[in-house]
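Participant: Once you've had a glance at the structure underneath, I'll fire off some questions.
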Amino acid sequence: MATTAPTARTALPPVVRGLRRGVQRVREVPLLAVMILAALVVVAVFAELLAPHDPTLPVRGARYFAPPFWMAGGSLETPLGTDFQGRDVLSRLIFGARVSLLVGLMGTLVAGSLGTAMGILSGYLGGWVDQVIMRLTDAWLALPSLVFAIFLATMVGPSMWNIIIILGLVYWTRYARVIRGEVLSLREREFVKLAEIAGASKLRVIRRHILPNVLNTTMVLASLTIGVVIIAEASLSFLGVGVPPPQPAWGLMLSEARPTLMAGQWWLTVFPGVCILLVVLATQLFGDWLRVRLDPQLRNL
Amino acid sequence: MAPLLHVSDLRTYFFTFGGTRVVKAVDGVSFTLEAGETLGLVGESGCGKTTTCLSLVGLLPPAARIVGGSIRFAGEELTGKSPRELRRLRGRRIAMILQDPMASLNPLLTIARQVGEPAHFHLRLRGRPLRERVLGLLRAVRIPSPEVRCREYPHQMSGGMRQRIVGAIALAAEPQLIIADEPTTNLDVTIQAQYLNLLKEIQQQTGVALIFVTHNLGIVAKMCDKVAVMYAGKIVEQSPVRELFNAPQHPYTRALLGAMPKLGRREPLYAIPGQPPNLADPPSGCAFHPRCPEVIPRCVSESPEEVVAGNGHTARCWLVQPDVEVSRGRPSA
Amino acid sequence: MAVPLLDVQDLRKYFPVRRGLLRRGHSWIKAVDGVTFAIGAGETLGLIGESGCGKTTTAKLILLQETPTAGSIRFEGQDVAGLRGPALLAYRRAVQVVFQDPYSSLSPRMRVGDIIAEPLEIQTNLSRQAIRARVQEVLELVGLQPEMARLFPHEFSGGQRQRIAIARALAANARLLVLDEPVSALDVSIRAQIINQLEHLQQTLGVSYLFIGHDLATVAHISHRIAVMYLGQIVESADSDALCTRPQHPYTRALFAAALPDHPDDTREALVITGEVPSALNPPSGCRFHPRCPYATSRCAEEAPPLKFIDTHHQVACHLF
């Protein structure tokens with residue numbers, strides 16, 4: 041570093057400088073978070089190839105409650121042990137990753153699009169539309185979200201797609217609130233006024249000027265909500281109103297392990313628990329980094 | 182007698198990206214200021230005028246460092262002083278007035294508390310004398326009915342009044358030098374005139390020295406005794422105010438004067454072509470050469486040294502003829 | 002006399018202010034209170050005044066950002082209040098605006114070319130190629146390179162951004178530009194560039210300007226005629242040169258007295274008025290300037306002076322005349 045003088049550095053061709061900046065940017069990425077998330081995606085996508093057994097059926101010839109392989113009585117056939125039906129814990133974790141990822145992403149997508157749309161309408165149109173939407177979010181926020189989700193889930197019955205819709209419906213309000221605030225300040229910005237003065241329709245202003253400028257915020261919020269949604273899915277499954285058995289979901293695995301927790305079969309709860317912890321941690325770290333990256337005020341420093 | 186403030190060859194650089202990029206925000210600035218004098222520091226945004234002032238009071242952002250030169254204030258060297266020593270100096274002997282009065286005032290404290298703070302901290306005034314001092318200061322900056330106003334909060338004041346409160350805070354501990362960084366940019370024309378007249382009056386009464394940072398040559402013409410024109414971190418011309426307006430030496434100064442619309446005379450404006458330079462990547466030689474109408478080949482390769490062009494008048498330009506008599510070392514008036 | 006391009010008659014805009022717990026009682030902020038002026042083709046009218054004098058509200062009314070409480074705005078003889086559909090679009094096309102802050106007036110997520118093309122897309126049915134060609138044409142017109150259409154606003158300096166804003170305003174052949182403090186946020190050297198550019202554009206295109214500002218020297222430099230506003234009303238209007246050499250209204254004279262000198266030896270009339278602009282919520286009775294006016298008489302507090310001609314092109318609203 042010390043060998044090259046600063047003056048020489050500024051004289052470098054722009055391509056090299058751009059590359060340097062690129063490298064610098066990559067260095068700032070939270071490596072742990074990206075690694076965990078990448079692993080999760082790979083596992084979820086290639087679950088069929090990676091899982092040693094069918095997650096819904098007992099492993100032929102395996103014991104019930106077999107411990108992980110390094111413990112007495114464990115076997116490499118079922119490296120993380122088996123559950124009360126003799127199903128392979130590792131395979132269930134691998135397929136559970138798919139459920140968690142899918143529910144997390146799709147639930148966030150539903151919540152994000154609904155909330156962003158409501159926030160934009162509320163903030164840009166103002167007047168009674170704003171009043172209605174904001175009172176609705178107030179009422180929504182007053183409901184305890186998990187209880188509300190359980191209520192909805194028992195109404196429509198458990199299925200993965202229902203859970204996605206339900207979690208979207210539960211978590212859209214925070215987007216609406218934040219995006220509305222953003223839109224209120226955007227609306228006063230001069231480029232929006234210029235578009236209106238040029239005769240642009242409301243739809244055009246929203247599409248060309250408002251939406252592109254709130255997408256950053258939506259992305260940041262989304263990255264921070266994914267973890268919350270995954271936990272909510274796990275909670276619902278744990279309570280028996282989420283993903284229905286025998287489908288493998290992490291929350292469901294915890295739920296099924298609960299009766300035998302005291303009997304010393306710790307692997308049935310610890311492994312799915314650790315998976316949830318790591319994924320949520322990773323999404324939060326990533327979301328934090330994204331916020332700093334995309335927030336123009338922080339970025340310009 | 183030594184001048185009140187003597188800055189010589191001050192260099193303040195910004196180190197960003199872990200020291201891989203150096204921005205020479207202030208690059209060899211020298212000037213002196215006597216007690217009771219007013220210096221105008223003129224330049225466009227990014228020319229280093231604000232960084233120069235922040236260097237004087239030790240309020241530089243973390244990325245910036247004074248890398249050379251000296252600042253002697255009333256015979257004391259300021260560079261190399263600890264932050265603690267500088268804090269004692271700030272407010273007590275050097276005060277600052279910033280551009281945005283709303284940002285300089287704490288919205289949760291009464292006017293009396295904020296005006297009284299420096300007097301409390303530096304002059305150790307308490308109780309009744311402190312209150313008297315606050316009321317006196319508010320009267321000095323023409324706040325009507327100060328007994329009532331001093332119990333109010335900043336948001337209850339108009340813009341002009343807030344800026345006068347900031348002025349009162351600056352005066353509170355009887356400083357010897359006030360640095361005013363564009364104090365009137367947010368004020369209306371008539372309010373600006375009131376404020377500038379007030380500052381002048383206070384200066385006559387207290388003998389405080391003023392440094393006026395501005396991009397407006399009109400303010401310089403109204404307020405200052407001396408002017409230093411900054412461009413790309415250097416003072417390109419420095420002179421007593423009349424001489425600068427009558428016989429500007431540096432092409433940049435001439436261009437700035439020509440770019441200023443003048444009331445009652447509709448002359449075409451001289452528009453300086455191009456943009457102010459990016460200090461992270463300054464032009465070679467004289468930094469003004471890409472925009473200079475009188476550029477000669479030498480300007481591109483060599484940075485001009487300071488040339489004495491008259492009594493107290495210096496310029497950094499290859500085209501300026503040195504005033505032989507003055508530069509032989511006859512003491513300036 | 003020929004019909005002026007823009008004819009504003011007795012324009013008023015009152016904003017209601019609700020008061021009290023039940024929001025029953027209300028009073029009015031009279032932001033614009035009876036403003037009359039006209040702008041001819043190829044002419045620049047300077048609108049000058051301190052903050053809160055109603056100059057920005059006047060601009061908003063002309064740009065149809067607000068609806069007037071009373072009075073009329075006529076463009077080429079046609080009242081703009083009832084315009085709908087294509088006629089409205091035609092007016093929007095003819096009257097464009099450049100704002101003060103070049104950082105806020107360009108959308109950060111759009112390319113410069115798309116920003117300039119926007120009015121064309123809305124107001125005309127030109128083909129993509131024709132729009133692209135026009136964008137390049139106006140970029141050159143304001144002294145930028147046509148290739149710059151591909152860049153984003155953050156790659157430009159303040160002065161260049163202001164040029165882009167002007168290019169956009171001119172893209173669909175506007176006839177009147179409302180310039181709301183267009184150079185106040187710029188550096189001195191860049192200010193002169195933009196002012197010269199605006200003057201040049203007016204000479205080549207014959208476009209009219211409504212130049213709003215608070216800096217007397219700048220407004221006087223660019224304007225043919227100047228109207229001085231105080232608390233929602235025009236107190237004096239005259240040809241630029243006449244106003245600069247013979248300001249009549251005490252407020253105008255105070256503005257000139259407060260203007261910064263352009264040489265240390267310049268002496269200004271010692272007419273520094275005290276106090277600040279009162280709130281438009283409860284404007285003073287009679288002549289609104291009377292509480293600050295050094296020449297005020299008892300009549301000024303009771304009776305509002307009408308705007309009267311003291312010369313062919315010089316109007317003053319003051320009892321002294």
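Chain order of the listed sequences is A, B and C.
According to the numbering used here, the first sequence is numbered sequentially starting from 41.
According to the numbering used here, the second sequence is numbered sequentially starting from 182.
According to the numbering used here, the third sequence is numbered sequentially starting from 2.
The C-beta atom is built at its ideal place from N, Cα and C for all residues, glycine as well.
Since the model is a prediction, treat every value here as computed from it, not as a measurement.
With distances taken Cα to Cα, identify the nearest neighbour of G455(B) among G445(B), D462(B), P471(B).
Facilitator: Locating residue 455(B) in the second sequence gives position 274, where the first residue counts as 1. Residue P471(B) is the option with its Cα nearest to G455(B).
Participant: Within its chain, find whatever has a CB closer than 6 Å to the CB of L596(B); leave out the 5 residues flanking it on each side and keep chain order.
Facilitator: Absent from the structure is residue 596(B), since the part of chain B shown begins at 182 and ends at 514.
Participant: In its own chain, which residues sit with a C-beta less than 6 Å from the C-beta of S482(B), not counting the 5 before and 5 after it?
Facilitator: In the second sequence, the residue the question calls residue 482(B) occupies position 301. Closer than 6 Å at Cβ, skipping near neighbours: G466.
Participant: Please classify N349(A) as buried or exposed, where buried requires at least 16 neighbouring CB atoms within 10 angstroms.
Facilitator: Residue 349(A) is absent from the model: chain A starts at 41 and stops at 341.
Participant: In the DSSP assignment, the beta strand (DSSP E) including E418(B) goes from what residue to what residue?
Facilitator: As a first step, residue 418(B) must be located in the second sequence, where it is residue number 237. Per DSSP, E418(B) belongs to the beta strand (DSSP E) from 415-421.
Participant: In whole angstroms, what separates the C-alpha of L177(C) from that of S209(C)?
Facilitator: Here residue 177(C) corresponds to residue number 176 of the third sequence, with the count starting at 1. Here residue 209(C) corresponds to residue number 208 of the third sequence, with the count starting at 1. C-alpha separation (whole angstroms): 5 Å.
Participant: Quick check: what's the CA-CA separation for S238(C) versus T193(B)?
Facilitator: Residue 238(C) sits at position 237 when you count from the first residue of the third sequence. Residue 193(B) sits at position 12 when you count from the first residue of the second sequence. Cα to Cα, S238(C) sits roughly 50 Å from T193(B).
Participant: Have a look at L270(B) and G256(B) and give me their C-alpha separation to the nearest angstrom.
Facilitator: Here residue 270(B) refers to the residue found at position 89 of the second sequence. Here residue 256(B) refers to the residue found at position 75 of the second sequence. Each residue's Cα considered, the two are about 13 Å apart.
Participant: Can you tell me which of the three DSSP states Q161(C) falls into?
Facilitator: Residue numbering aside, residue 161(C) sits at position 160 when the third sequence is read from its first letter. Three-state result, Q161(C): helix.
Participant: Rounded to a whole number of angstroms, what is the C-alpha to C-alpha distance between R49(A) and V204(B)?
Facilitator: By 1-based counting over the first sequence, the position of residue 49(A) is 9. By 1-based counting over the second sequence, the position of residue 204(B) is 23. Here R49(A) scores only 41 on pLDDT, less than 50, and its place in the model should not be relied on; the value that follows carries that caveat. If I take the Cα positions, the gap works out to 12 Å.
Participant: So, under 8 Å CB-CB, A349(B) and A374(B) are touching, yes? Tell me the CB distance rounded to an integer number of Å.
Facilitator: Here residue 349(B) corresponds to residue number 168 of the second sequence, with the count starting at 1. Here residue 374(B) corresponds to residue number 193 of the second sequence, with the count starting at 1. Contact doesn't hold; Cβ gap of about 19 Å is too wide.
Participant: When you compare the CB positions of L62(C) and K14(C), do they come within less than 8 Å of one another, or not?
Facilitator: Position 61 of the third sequence, counting from 1, holds the residue named residue 62(C). Position 13 of the third sequence, counting from 1, holds the residue named residue 14(C). Yes, the Cβ-Cβ distance between L62(C) and K14(C) is below 8 Å.
Participant: Relative to chain A, which residues along the region 119-134 of chain C have a C-beta separation below 8 Å, given in chain order?
Facilitator: Result list: E119, P120, I123, Q124.
Participant: Find the residues of chain C that neighbour F426(B), judging by a C-beta separation of less than 7 Å, and give them in chain order.
Facilitator: On the second sequence, position 245 is the one that residue 426(B) refers to. Result: H264, P265.
Participant: Relative to chain C, which residues along the region 457-468 of chain B have a C-beta separation below 8 Å, given in chain order?
Facilitator: Of all residues in the region 457-468 of chain B, P457 have a Cβ within less than 8 Å of some Cβ in chain C.
Participant: Please report the straight-line C-alpha distance between L264(A) and N256(A), rounded to a whole angstrom.
Facilitator: Position 224 of the first sequence, counted from the first residue, corresponds to residue 264(A). Position 216 of the first sequence, counted from the first residue, corresponds to residue 256(A). One C-alpha to the other measures close to 13 Å.
Participant: Quick check: the Cα distance between S339(B) and R332(B), rounded to an integer number of angstroms?
Facilitator: Your numbering for residue 339(B) matches position 158 in the second sequence. Your numbering for residue 332(B) matches position 151 in the second sequence. Those two C-alpha atoms are separated by around 15 Å.
Participant: Buried or exposed: I271(A), going by 16 or more other Cβ atoms within 10 Å of its Cβ?
Facilitator: Position 231 of the first sequence, counting from 1, holds the residue named residue 271(A). So I271(A) counts as buried.
Participant: Considering only residues of the region 112-142 of chain C, which uninterrupted alpha helix (DSSP H) runs meet the minimum length of 4 residues and lie entirely inside it, listed in chain order?
Facilitator: Those alpha helix (DSSP H) runs which fall completely within the region 112-142 of chain C and span 4+ residues are 113-124, 129-142.
Participant: To the nearest angstrom, report how far apart Y433(B) and S484(B) are at their CA atoms.
Facilitator: In the second sequence, the residue the question calls residue 433(B) occupies position 252. In the second sequence, the residue the question calls residue 484(B) occupies position 303. Cα to Cα, Y433(B) sits roughly 15 Å from S484(B).
Participant: Indicate whether at least one CB of chain C lies closer than 8 Å to the CB of K242(A).
Facilitator: One-based indexing of the first sequence puts residue 242(A) at position 202. Chain C, which has no Cβ nearer than 8 Å to the Cβ of K242(A), makes this no.
Participant: Counting only Cβ-Cβ distances shorter than 7 Å, please list the residues of the region 209-232 of chain C near chain B, keeping chain order.
Facilitator: The region 209-232 of chain C vs chain B, Cβ under 7 Å: H215, L217, A218, T219, A221, H222.
Participant: Which residues in chain C sit within 8 Å of N5(A), going by Cβ to Cβ distance?
Facilitator: As shown, chain A starts at 41 and ends at 341. That puts residue 5(A) outside it, with no answer to give.
Participant: According to DSSP, simplified to helix, strand and coil, what is H303(B)?
Facilitator: As a working mapping, residue 303(B) is identified with position 122 in the second sequence. In this structure, H303(B) counts as helix in the three-state DSSP scheme.
Participant: Counting only C-beta atoms, is A235(A) closer than 8 Å to chain C at any point?
Facilitator: Numbered from its first residue, the first sequence carries residue 235(A) at position 195. Yes, A235(A) counts as interfacial toward chain C.
Participant: Buried or exposed: where does Q337(B) fall if 16 or more other Cβ atoms within 10 Å of its Cβ makes it buried?
Facilitator: In the second sequence, the residue the question calls residue 337(B) occupies position 156. Exposed, because fewer than 16 other Cβ atoms sit within 10 Å of the Cβ of Q337(B).
Participant: Please list, in chain order, the chain C residues whose beta carbon lies closer than 7 Å to that of E230(A).
Facilitator: The residue labelled residue 230(A) in the question sits at position 190 within the first sequence. Here the neighbours are F100, D102, S105, S106.
Participant: Cutting at 6 Å between CB atoms, please list the residues of its own chain near A45(A), excluding the five before and the five after it.
Facilitator: If you number the first sequence from 1, residue 45(A) lands on position 5. For A45(A), the predicted model reports a pLDDT of 37, less than 50, meaning its position is unreliable; a value from the coordinates is still stated below. Same-chain partners within the cutoff: there are none.
Participant: What three-state label does DSSP hand A39(C) in the structure shown?
Facilitator: As a working note, residue 39(C) is residue 38 in the third sequence. In the structure shown, A39(C) sits in a strand (DSSP, three-state: E or B).
Participant: Using a Cβ-Cβ cutoff of less than 8 Å, which residues in the same chain neighbour Q101(C) once the five nearest sequence positions on both sides are dropped?
Facilitator: In the third sequence, the residue the question calls residue 101(C) occupies position 100. Cβ neighbours of Q101(C) beyond the five flanking positions: D181, E182, P183, S185, A186.
Participant: Compare the C-beta of R164(C) with all C-beta atoms of chain A and state if any pair is closer than 8 Å.
Facilitator: Residue numbering aside, residue 164(C) sits at position 163 when the third sequence is read from its first letter. Not an interface residue.
Participant: For P188(A), which option in M75(A), I206(A), N202(A) has the closest C-alpha, if you only look at C-alpha atoms?
Facilitator: On the first sequence, residue 188(A) is found 148 positions in, with the first residue counted as 1. Checking the sequence shown, residue 188(A) turns out to be Phe, not Pro. Looking at the Cα atoms, I206(A) is the closest of the given residues.
Participant: Does DSSP put Q430(B) in a helix, in a strand, or in coil?
Facilitator: For this step, residue 430(B) is matched to residue 249 along the second sequence. Correct three-state label for Q430(B): coil.
Participant: I want to know whether the region 302-313 of chain C touches the region 282-290 of chain C - three or more CB-CB distances under 8 Å.
Facilitator: Contact holds: three or more Cβ-Cβ distances are below 8 Å.
Participant: Is the Cβ-Cβ distance between L217(C) and V278(C) less than 8 Å?
Facilitator: The residue given as residue 217(C) occupies position 216 in the third sequence. The residue given as residue 278(C) occupies position 277 in the third sequence. Contact: no.
Participant: Taking the beta carbon of Y104(A) as the centre, do at least 16 other beta carbons fall within 10 Å, making it buried, or is it exposed?
Facilitator: Indexing the first sequence from 1 puts residue 104(A) at position 64. Result: exposed.
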